[in-house]
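Numbering (my numbering), first residue to last: 45 to 169.
All residues carry an ideal CB built from backbone N, CA and C; glycine is no exception.
The structure appears right after this line, and notes come after that.
Below, the structure written as structure tokens:
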């Protein structure tokens, strides 16, 4: 994930849910940073890791990781459903079909668009 996108999501989620904001405990010790919690959640989702595996990598407890995951889901659903997690409009579908046809895949709307990535092992004719 690009840093500016991560920072935007982190800012939005911190404004939505105070759980992600760094706080002091009763002894005055600072808790986890928001980016630590979000990184743990995103690693779980991106790499299909369990909370125990994230604990080994990021040194964040299992319960904190699972709590972050649940709150992350809630925040993403609330904040981004209207704009990003909705069915495509007819205009969106037409644009996707035109893009796919231009790339030699007419009628396909569910492809993963990776055409802009550089791939060093890309087969050539």
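Specify the secondary structure class of residue i as computed by DSSP and reduced to three states.
{"i": "residue 74", "result": "strand"}
{"i": "residue 68", "result": "strand"}
{"i": "residue 133", "result": "coil"}
{"i": "residue 164", "result": "coil"}
{"i": "residue 50", "result": "helix"}
{"i": "residue 147", "result": "coil"}
{"i": "residue 152", "result": "coil"}
Can you tell me the Cα-Cα spacing of residue i and residue j, whole angstroms?
{"i": "residue 38", "j": "residue 151", "result": "Only positions 45 to 169 of the chain appear in this structure, which leaves residue 38 out of reach."}
{"i": "residue 148", "j": "residue 90", "result": "29 Å"}
{"i": "residue 137", "j": "residue 72", "result": "53 Å"}
{"i": "residue 140", "j": "residue 153", "result": "6 Å"}
{"i": "residue 78", "j": "residue 104", "result": "12 Å"}
{"i": "residue 80", "j": "residue 102", "result": "8 Å"}
{"i": "residue 45", "j": "residue 54", "result": "12 Å"}
{"i": "residue 47", "j": "residue 143", "result": "27 Å"}
{"i": "residue 126", "j": "residue 50", "result": "19 Å"}
{"i": "residue 120", "j": "residue 58", "result": "11 Å"}
{"i": "residue 146", "j": "residue 131", "result": "23 Å"}
{"i": "residue 134", "j": "residue 87", "result": "34 Å"}
Under 8 Å by Cβ, that's how I've got residue i and residue j pegged, so tell me the actual separation to the nearest angstrom.
{"i": "residue 82", "j": "residue 66", "result": "Rounded, the Cβ-Cβ distance is 12 Å, inconsistent with contact."}
{"i": "residue 56", "j": "residue 129", "result": "About 14 Å; that fails the 8 Å criterion."}
{"i": "residue 118", "j": "residue 106", "result": "That pair is no contact at about 19 Å."}
Start-end ranges of the alpha helix (DSSP H) lying completely within the segment 78–115, minimum 4 residues: 78–91, 95–102
Taking three-plus beta-carbon pairs below 8 Å as touching, is the segment 53–63 in contact with the segment 109–122? Because the criterion of three Cβ pairs below 8 Å is met, the segment 53–63 and the segment 109–122 touch.
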